[in-house]
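Some notes on the structure that comes next.
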Amino acid sequence: MHVLVAHSRPKGKYGYYVFTAMIFFSKQTESAQIWATRLSTTYSCHHCGKWASIGTYEAPRLSDHRKIGTLELYRYDNVEPDDYIQLVLIDSELAYIQRTDFKIGLEKIKEYTKLHKQSEIPRIKGIKGRLYEVILIDWDAYMHDLISTNRQMHVEEELIQKTMNAEPITIKELTLEPVRQVPTIEGEKRFIEGEFRYLTD
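Take our numbering: the final residue in the sequence shown is number 209, and no numbers are missing along the way.
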C-alpha cells in the first residue's frame, strides 16, 4: 500500500484547506478508512470522501494486461485549523493496523503515526512504528515548483490536481509501466514502483 496526502489552501493562509488522499492498494487484503473531525464531531464517514476508484494493470507485453491493484482518490474540502484528518491503513493478514492523524494548524500540519492491534479499536494509545510510508505534500508549493520548471504533469499528478479542483475523473483503468525517468513525487520518493499510463485499446 502506498499513500500520498496532499493539502492546498486555494484562498491563501486564512482560507479553508482542501485535502486529497491518493492510496494505491496492491493486495486485495488491503483497505483504508478516512475520517475528518472538527472538535468532537466527525463530519465525514470513512468512505464518503471517495472521489474516484481506478483499476490498475501491469503490462509485461503490449497485448497482455494483468490487474494488480486499485488506485483510490479521496477529497475533503472546507477543512479548517484545529480539525483532524484520521487515516487508518489495514491489511487483514497483519496483526497490526496503522493509524495516522493529521492535526491541522494555521501555519503547518502535524502528523502522528502509531500502530494498533487489529483486534482493538484504535485509540490514542498505540505503539511506535510504521507499516506504510505516508507522503504529505504541500500541493500549492509543489505545483509552483512544477510550473516554474516548465515540466509536464505525470498521470498521478494530473489525478491529484483534478481531485483538488473537484473536477470529474472519467478514467477507470491505468496501466503501470517500468520507471523510465526520475521519480516526480517528493524528489527521490517514488509513489509506486513504476509509472502510471492511461490504458488504450
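Think of the CB as a built atom: it goes at the ideal place given N, C-alpha and C, for glycine as much as any other residue.
The model shown is predicted, which means the values in this text are computed figures rather than measured ones.
Got a sec, what are the start and stop residues for the beta strand (DSSP E) Q94 sits in? Here residue 94 refers to the residue found at position 86 when the sequence shown is read from its first residue. Taken as a continuous stretch (DSSP letters only), the beta strand (DSSP E) holding Q94 covers D91 to D99.
How many angstroms separate the CA atom of D99 from the CA atom of T45? Sequence index remark: in the sequence shown, residue 99 carries index 91 (1-based). Sequence index remark: in the sequence shown, residue 45 carries index 37 (1-based). The alpha-carbon atoms of D99 and T45 are separated by roughly 24 angstroms.
Inter-residue CB distance, Q41 and V87 (contact presumed, cutoff 8 angstroms): Locating residue 41 in the sequence shown gives position 33, where the first residue counts as 1. Locating residue 87 in the sequence shown gives position 79, where the first residue counts as 1. That pair is no contact at about 17 angstroms.
Could you tell me if K21 is buried or exposed, where buried requires 16 or more neighbouring beta carbons within 10 angstroms of its beta carbon? For the purposes of this step, residue 21 is taken as the residue at position 13 of the sequence shown. K21 comes out exposed.
Measure the C-alpha to C-alpha separation of V26 and S127 and round it to an integer number of angstroms. As a working note, residue 26 is residue 18 in the sequence shown. As a working note, residue 127 is residue 119 in the sequence shown. Between V26 and S127, the C-alpha separation is close to 33 angstroms.
If F32 and G77 are in contact, beta carbons under 8 angstroms, what's the gap, nearest whole angstrom? Position 24 of the sequence shown, counting from 1, holds the residue named residue 32. Position 69 of the sequence shown, counting from 1, holds the residue named residue 77. So it is a contact: roughly 6 angstroms between Cβ atoms.
Can you give the Cα-Cα distance for Y140 and Q106, rounded to whole angstroms? For the purposes of this step, residue 140 is taken as residue 132 along the sequence shown, with counting starting at 1. For the purposes of this step, residue 106 is taken as residue 98 along the sequence shown, with counting starting at 1. If I take the Cα positions, the gap works out to 8 angstroms.
Using CA atoms only, rank isn't needed, just tell me which of A174, A14 and E38 is closest to E101. Here residue 101 corresponds to residue number 93 of the sequence shown, with the count starting at 1. Nearest C-alpha to E101: E38.
Does DSSP classify Q36 as helix, strand or coil? Looking up residue 36 in the sequence shown gives position 28. Residue state, collapsed to three classes: coil.
If you compare alpha carbons, which of H124, F110 and V13 is closest to A135? What you label residue 135 is simply residue 127 of the sequence shown in a count that begins at 1. Inspection of the sequence shows that residue 135 is occupied by Ile rather than by Ala. I135 has its Cα closest to that of H124, out of H124, F110 and V13.
Could you spell out where the alpha helix (DSSP H) holding D164 opens and where it closes? Translated into the one-based positions of the sequence shown, residue 164 becomes position 156. Contrary to the premise, residue 164 reads as Glu rather than Asp in this sequence. Run containing E164: V163 to M172, per the alpha helix (DSSP H) assignment.
Euclidean distance between Cα positions of E196 and I143: The residue you call residue 196 lines up with position 188 of the sequence shown. The residue you call residue 143 lines up with position 135 of the sequence shown. For E196, the predicted model reports a pLDDT of 48, less than 50, meaning its position is unreliable; a value from the coordinates is still stated below. Here the alpha carbon of E196 sits roughly 12 angstroms from the alpha carbon of I143.
Backbone secondary structure at I177 - three-state DSSP: Within the sequence shown, residue 177 is the residue found at index 169, counting from 1. I177 falls in the coil class under three-state DSSP.
Could you check how far apart the C-beta atoms of S16 and D148 are, in whole angstroms? I think they sit under 8 angstroms. Indexing the sequence shown from 1 puts residue 16 at position 8. Indexing the sequence shown from 1 puts residue 148 at position 140. Sure, about 5 angstroms apart at Cβ, within 8 angstroms.
Who are the Cβ neighbours of I117 in its own chain at under 6 angstroms, not counting the five residues just before and after it? Here residue 117 refers to the residue found at position 109 of the sequence shown. Excluding positions up to five away in sequence, the list reads F110.
From the DSSP secondary-structure annotation, give me the bridge partner or partners of G77. Counting from one through the sequence shown, the residue named residue 77 turns up at place 69. G77 pairs with T64.
Could you pull the DSSP bridge partners for H15 from this structure? Your numbering for residue 15 matches position 7 in the sequence shown. The partner list for H15 (beta bridge, DSSP) reads F27 and D146.
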